[in-house]
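Reading through the C-alpha cells given below for one structure.
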Amino acid sequence: MPIGRLTLNGRELRLLLKEHGFRRLKDRGKGSHEIWVHASGRQVIVSAGMKDDIPPGTLQSILRQAGIDKSVLMKGSKGKKSKK
C-alpha cells in the first residue's frame, strides 16, 4: 500500500527509529549503510543521506522490517516535523 505523500528524510527516519526503541550499531554497516537493532532482536538496515527524502517503497520496507505501523506518520510522530 502506498504511504501517500508523506515522506521522511534520513534524519527524520533515524529519530523515528530511536523513538521506537532502536539503536544504531556503531562500527557496523558499510559505506552509507547503518544497522539499527531493537531489544527484541529486530534489525533494520538504513541507507539514506541525512537530508535526502527516502523513496516511498524503501520507507515502507524499512517500517515493515522495524515493525512500525505507517499510521504513525499520519499521526505526526516526533520524527516528522510539522511545517509552520
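With positions in the sequence shown counted from 1, the corresponding number in my numbering is that position plus 137. Note that CB positions come from ideal geometry on N, CA and C, so glycine has one too.
In the assembly as shown, R151 is a buried residue. Its beta-carbon has 16 or more other beta-carbons within 10 Å. In chain order, H175 and A176 place their CB closer than 7 Å to the CB of G158, counting only its own chain and leaving out the 5 sequence neighbours on each side. Taking C-beta atoms as the reference points, G147 and M187 count as a pair closer than 9 Å.
Going by DSSP, S198 is part of the alpha helix (DSSP H) stretching over P193 to A203. Bridge pairing for E156: absent [DSSP].
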